[in-house]
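Chains as they are written, first to last, in the working numbering: chain Y, 8 to 472; chain C, 8 to 472. Built from N, CA and C at the ideal position, the CB exists for glycine as well.
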């Protein structure tokens, strides 16, 4: 396996990205300790910006202060563009604001806007004031868009030419932007800068130099408005296998492009967010380094859960008469609560996922939910039967066995219904359905399952009592 | 917003992908019902392959049988390449095998291998036998690689030239493959077909036609071996913002390339898998249409949970003496079980996530786990205190309040330790750590929390009793 910029001399061919970066970190630390500035300078400056960004993230504040002056400015600039918000803030804190503004100026405008967005507002304002006027206003413009919209993830750098330009003229235009990695497609516009079509670079390469770009263009390409949500944009990329997606304003004027590398990040971010919501942890917790900060983020849900579970305790209190009369009922409380909870989590996860994939046609949703309910009914019968059998063998009491079995069936089915209904209701109320797949549904199901169990027990006891 | 191939006449500019596809489905169904074959043919053949694939997925078997013969073969071929396994099987079942082999032959080899991989083995074998010899052996070769390895997601179609070729010669080479969308980069190889470098098309477009490609190439590019896992490959794409990644065999010979559009799919797939493991549902359940199939997939974990929860019941049985002596203890059982469970799920999710991002340097892991434990200690103190206070107010019994408060603190901390240790142990044993973040940890924590609670209660009662 070949390298990014990491020196592989100590590594086998199959070393993973992670292993290779561990070696880079080790090498850098050794050179730091021995004060070998020459080696350090050599190693650092031969890294891929993404590897350098990772190194900066892993180093301590002291180490970073040593390392930064040894790296060439363009490389620091590119590494900073690849860094997470915490690292950006740490690096920025160690740099002179003049230097910082030079670094930001070297970035593509979308990277510059992201990096400045990671800094405290006063600091980013000061940096912007130190930047050249034109660059600064381009970046300011990008910073006005919400971070998770088309405008927030697009770059305003692109090459757009009129339909009557030749390939040769378009190539000259491209040449002005030759160091820009964002250029994958040529955009064709009319006199009002309305998007007319796109030309893949491959097609320009193969065409003769005097062909008009208007003849080469794919007409009426897929494009989005700057206010479209990034999740929707990600759906376009994955459905249509796009490399770039043009972004237009309300008047259809071309204002930017989103490139696929930014979308890869968006998809990872959205997936991490869903996972976080299920576990009721903060979405960007890995960027949070203090335990106190993490606690503050998780506390609201935990308190909600605590109140919910105390209500569950209240249900047990409510039915203390039943419990006192038939003590072995308590033995199946964990089983009925947990299996109801599982059923609710499964149904809500399936529902949330089918809402999130962008595949959720009404027909799909109806089929998915209907399938889930049948699964729940089947599982309820099976597990209810199992619990009934175990209870008869264990306790030898027919009433307890019937209560436990029947309650298991009901708890599983009711939890499944709740697991399907809550996310759908949330979507209708424009709340993120993913919230429903976490502790909310579990807590509700706990209370409900206990009510069902003891309700049934009380009912049966009265019936036979 | 502009269209894929969907007719937008009924839609506003801001319609989402989903809304636009609902309209397509409606339009197709109306034309089907009125038997308007001319309109149907027109609508169908103007769709983007991905939209047609989605339509085929949503139609019933009968409708699909009507629709398929109206679509031009190349479009069906491309739609099939974009379809999910279930749709592939359904479409394949309705086609003559001669026709199917023609469709597969038109696909890029990696798409052909994927589609054939979705079919039952005998059927895919028959289709391969009907295909042209050279195409078939190229596809067969790709099908030998595991689906989730570099070899399984790469395409063998690429353009590789020697270092001493001119740009002009390379362009002629590219022209032979002009209809291939996979071509984003030119590969430069030596006489043994070892990878030497890559040339972005942009650079070729800007260079003069008699430049040698060896002079334009980025030397020593990042590449992977065919047996590398797709998750690792996805990490390369997202870390280094790649568009293509060359794949080599054990001898360093260039055998294929992975393109970014395939990686977008991989990332979505892996994210869905993690979410599924947390909820203990099957990873590819959305492709499963029978409730029975879904039940079979979920059953093992549910039975495991059932046994676990019955063991929890056994713990209650074990401490029935304590419970009988101090009945109000039962009221805090739900709270202590659930909060322990939450703590375990949070810690395990954070640990699993930091293992999965490819960012998990030893230093990071240590910091993350250490932070989690401090969070758990803080949360335990806070929630333990809250429960103590509630118990005093509610029950008015100092012993119960102390038991509940202390047990809450211990359950939260112990669950957090378990939540961190189990995924790490799983990784060491080469089991997917994500498994640990689901029902396994919850079930273990339930049992543990009850043992802690009643253990403390028994201890305190003996002490003060």
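Bridge pairing for residue 371 of chain Y: absent [DSSP].
Per the coordinates, the alpha-carbon of residue 71 of chain C lies some 15 Å from the alpha-carbon of residue 84 of chain C.
With respect to residue 337 of chain C, residue 460 of chain C sits apart: the two C-beta atoms are not nearer than 8 Å.
Listed along the chain, the chain Y residues whose CB falls inside 9 Å of the CB of residue 244 of chain C are 268, 271.
According to the DSSP assignment, residue 311 of chain C belongs to the alpha helix (DSSP H) that extends over 298–325. Between residue 347 of chain Y and residue 456 of chain Y, the gap from beta carbon to beta carbon is short of 8 Å. Only residues of its own chain outside the window of five on either side were considered, and among them 157, 160, 231, 252, 265, 270, 273 have a CB closer than 8 Å to the CB of residue 240 of chain Y, listed in chain order. From the beta-carbon of residue 275 of chain Y, the residues of chain C found nearer than 7 Å are 245, 274. A contact is defined here as three or more CB-CB pairs under 8 Å, and the stretch 371–385 of chain Y fails this definition with respect to the stretch 403–415 of chain Y. The C-beta separation of residue 263 of chain C from residue 144 of chain C comes to about 15 Å, leaving the pair out of contact by the 8 Å criterion. Assigned with DSSP and collapsed to three states, residue 228 of chain Y falls in coil, not helix or strand. In the DSSP assignment, no residue is bridged to residue 450 of chain Y.
The stretch 311–324 of chain C and the stretch 386–393 of chain C do not touch, with fewer than 3 CB-CB distances between them shorter than 8 Å. Distances from the CA of residue 80 of chain Y to each of Y:406, Y:56, Y:94, Y:68 were compared; the closest alpha carbon is that of Y:56.
Cβ-Cβ distances below 7 Å link residue 407 of chain Y to 333, 335, 336, 398 in the same chain, with the five nearest sequence neighbours on each side left out; the list follows chain order. The DSSP assignment places complete beta strand (DSSP E) segments of no fewer than 3 residues inside the stretch 193–245 of chain C at 202–207, in order along the chain. The DSSP-derived three-state label of residue 153 of chain Y is coil. Setting aside the 5 residues that flank it on each side, residue 227 of chain C is surrounded in the same chain by 204, each with a C-beta closer than 8 Å to its C-beta; the list follows chain order. For the pair residue 166 of chain Y and residue 176 of chain Y, the CB atoms are not nearer than the 8 Å cut-off. Under the Cβ criterion of 8 Å, residue 262 of chain C is not counted among the residues facing chain Y.
For residue 253 of chain Y, no alpha helix (DSSP H) segment is defined; the enclosing uninterrupted segment is the beta strand (DSSP E) at 251–255.
Only 378, 381, 382, 385, 386, 390, 393, 397 from the stretch 371–401 of chain C bring a Cβ to less than 7 Å from some Cβ of chain Y.
Under the 8 Å criterion on CB atoms, residue 153 of chain Y is classed as non-interfacial with respect to chain C.
In the three-state reduction of the DSSP assignment, residue 115 of chain C falls in the coil class, being assigned neither a helical nor a strand state. The criterion of a C-beta distance shorter than 8 Å is satisfied by residue 213 of chain Y and residue 181 of chain C. DSSP lists Y:194 as the bridge partner or partners of residue 167 of chain Y.
Approximately 6 Å separates the beta-carbon atoms of residue 82 of chain C and residue 59 of chain C; this is inside 8 Å, confirming the contact.
When Cβ pairs closer than 8 Å are counted between the two stretches, the stretch 148–157 of chain C is seen not to touch the stretch 193–203 of chain C, the count staying below three.
If you draw a straight line from the Cα of residue 122 of chain C to the Cα of residue 384 of chain C, it comes to about 52 Å. Proximity to residue 467 of chain Y across Y:104, Y:329, Y:247 peaks at Y:329, based on C-alpha coordinates. Distance from the Cα of residue 94 of chain Y is smallest, within the candidate group Y:78, Y:111, Y:30, Y:125, for Y:125. For the pair residue 110 of chain Y and residue 90 of chain Y, the CB atoms are not nearer than the 8 Å cut-off. Within chain Y, 320 have C-beta atoms less than 7 Å from the C-beta of residue 339 of chain C, given in sequence order. Shown here, residue 392 of chain Y sits in a helix according to DSSP, grouped into three states.
Burial is judged here by how many other beta carbons sit within 10 angstroms of a residue's own beta carbon; residue 281 of chain C has at least 16 and is buried.
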